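The opening position of the sequence shown corresponds to residue 169 in our numbering, with each subsequent residue numbered one higher.
Cβ atoms here follow ideal geometry from the backbone N, Cα and C, with glycine treated the same way.
Bear in mind that the values here come from a model prediction, so they are computed numbers and not experimental data.
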Amino acid sequence: MGTAHLQIDLTALAENWRALDGRTAERCETAAVVKADGYGLGAEAVTKTLWEAGARRFFIAVAEEGAAIRQTLGPDAEICVFSGHMAGDTDTIQSLNLTPMLNSIEQLTRHFEALPDHPFGVQLDTGMNRLGLEPAEWTAARRLVMGQSPAMIMSHLACADDPSDPMNARQLRTFTEMVDGVDVPVSLSATGGILLGPEYHFDFTRPGIGLYGGFPFTDGRPVVRLSVPVIQTRDVAPGEIVGYGGSWLADEPTRVATLSAGYADGLIRAMGNDAVLFHEGTPCPLVGRVSMDLLTVDIGHLDTVPDSLDILGTEQSVDDLAEAAGTIGYEVLTSLGVRYRRTYS
Ligand SMILES: *Cc1c(COP(=O)(O)O)cnc(C)c1O
């Protein structure tokens with residue numbers, strides 16, 4: 169087996185969904201965000217598992233992502249598109265029966281002209297300045313939009329992974345004002361917002377990262393284990409370098425294992441010389457730079473040569489690894505490579 173093994177724990181995924189669902193009141197629905205191929209874990213397996221756990225409303229980033237999910241879940245799932253109704257999306261939205269979150273006056277116009285009786289939602293900008301109608305636009309468009317019976321109205325928090333950030337309360341206030349008197353389901357919170365407390369929950373929530381075992385849902389279960397096979401080992405003498413650029417120099421005799429995965433598999437180059445891998449709980453430092461297809465790891469302190477070492481799993485979460493690479497768990501997950509042998513359990 170020359171390729172690394174990515175094990176995806178669908179039981180843990182379902183448990184994480186149920187755990188986040190349990191953080192909100194009974195009447196508050198918990199949707200699921202499955203954009204970017206289910207955060208890199210495989211949209212089909214992920215959506216099927218979440219459907220069986222009880223999710224009925226799914227969010228994707230762009231309309232094209234809807235095909236695999238509609239095919240997996242059939243006609244009853246509600247599949248919603250954050251990027252809304254973009255130019256050229258009309259046929260996809262119609263044929264896959266997607267619900268676009270309309271983000272601008274331009275998108276509202278496009279949607280009502282092209283698909284006047286087709287379900288839609290509205291995204292409001294409460295301060296993130298990324299997607300959605302701004303307060304003044306909403307004031308102008310609200311009567312007309314509400315006359316078309318939107319399926320939902322939503323907004324997104326910019327700083328919810330930090331409960332102490334004053335932006336959270338500011339966006340909550342703006343959202344509360346903007347949806348005052350609206351009689352359709354409204355939603356403000358992703359994973360971070362769920363953890364901020366009940367006033368952030370509204371009618372439904374939209375967790376993503378927490379389902380997949382990532383921060384800020386620190387009570388969640390890890391969903392991925394990634395084991396990278398050893399190709400060969402060699403003894404390295406003091407003064408010898410390892411890898412491109414000679415960025416690591418042995419200062420004592422040791423043994424270095426060369427492993428079969430690299431930055432082309434999403435083990436991003438910035439983790440070189442910083443990350444660790446694990447053999448049955450024992451940390452083994454990554455030494456030298458990450459190559460496209462290879463990692464070099466110091467195993468001099470082990471008394472065996474393992475067949476493989478784990479870089480993600482119970483010993484090291486996606487967030488731990490992200491920290492070594494100067495990034496976030498979201499990027500580690502969505503970078504997971506296409507070459508891995510993937511098994512689902
Ligand atoms: C990605 C996304 C989510 C999910 O966010 P997480 O932090 O992964 O829970 C929810 N809503 C919107 C608008 C998003 O873009």
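Task: 3 or more residues per run - each beta strand (DSSP E) lying fully within the region 333 to 393 - done: Counting whole runs of 3 or more residues, the region 333 to 393 contains no beta strand (DSSP E) stretch at all.
Task: Nearest neighbour of V486, chosen from V455, A443, L463 and Y508 [CA to CA] - done: Scanning V455, A443, L463 and Y508 for the CA closest to the CA of V486 turns up A443.
Task: Option nearest R338 by Cα separation, candidates L264, L356 and S476 - done: The residue with the shortest Cα to Cα distance from R338 is L356.
- [ ] Give the range of the alpha helix (DSSP H) segment to which A182 is assigned.
- [x] L178 to G190
Task: Paired residues, beta bridge with D257 - DSSP - done: According to DSSP, D257 bridges with nothing at all.
Open item on the list: What would DSSP say about Y207, mapped onto helix, strand or coil?
Closed with: helix
Task: Cβ neighbour criterion (16 or more within 10 Å) applied to A429 - done: buried
Task: Runs of alpha helix (DSSP H) wholly within the region 264 to 336 (minimum 4 residues, chain order) - done: 273 to 282 and 303 to 315
Task: R374 CB to nearest heavy atom of ligand 1 below 8 Å - done: Taken from the Cβ of R374, at least one heavy atom of ligand 1 lies inside 8 Å.
TODO: Please report the residue range of the alpha helix (DSSP H) in which R238 lies.
DONE: G234 to L241
Task: Residue from P451, E197 and G388 whose Cα sits closest to the Cα of N184 - done: G388
TODO: Measuring alpha carbon to alpha carbon, tell me which of I399, D471, L417 and Q484 ends up nearest L462.
DONE: I399
TODO: For G170, collect the residues of the same chain with a Cβ closer than 6 Å to its Cβ; drop the 5 residues on either side in sequence, then sort them by chain order.
DONE: S428
- [ ] Report buried or exposed for S251, applying the criterion of at least 16 other Cβ atoms within 10 angstroms of its Cβ.
- [x] buried
TODO: Give the range of the beta strand (DSSP E) segment to which D466 is assigned.
DONE: L463 to D466
- [ ] Confirm, please, whether the CB-CB distance from G440 to R423 is below 9 Å.
- [x] no
Open item on the list: Looking at ligand 1, does it come within less than 8 Å of I377, judged from the CB to the closest heavy atom?
Closed with: Within the cutoff, so yes.
Open item on the list: As a quick exercise: from T426, P406 and P318, pick the residue whose alpha carbon is nearest that of L417.
Closed with: Nearest of T426, P406 and P318 to L417, Cα basis: P406.
Task: Start-to-end residues for the alpha helix (DSSP H) that takes in A429 - done: Per DSSP, A429 belongs to no alpha helix (DSSP H) and is neither H nor E.
- [ ] Drop a sphere of 10 angstroms on the beta-carbon of G381, count the other beta-carbons inside from all chains shown, and report buried for 16 or more, exposed for fewer.
- [x] buried
Task: Chain-order list of residues whose beta-carbon lies under 6 Å from that of S395 (same chain, five-residue window excluded) - done: Within the same chain, S395 has close Cβ partners H173, S476 and D478.
Open item on the list: Determine whether the beta carbon atoms of T495 and A438 lie at a separation below 9 Å.
Closed with: yes
Task: Close beta carbons around G411, own chain, < 6 Å, minus the five adjacent residues each side - done: Exclusion of the five residues before and after G411 leaves G456, R457 and T464 as the residues of its chain whose Cβ lies within less than 6 Å of its Cβ.
- [ ] Would you mind stating whether A199 and A229 have Cβ atoms separated by less than 9 Å?
- [x] no
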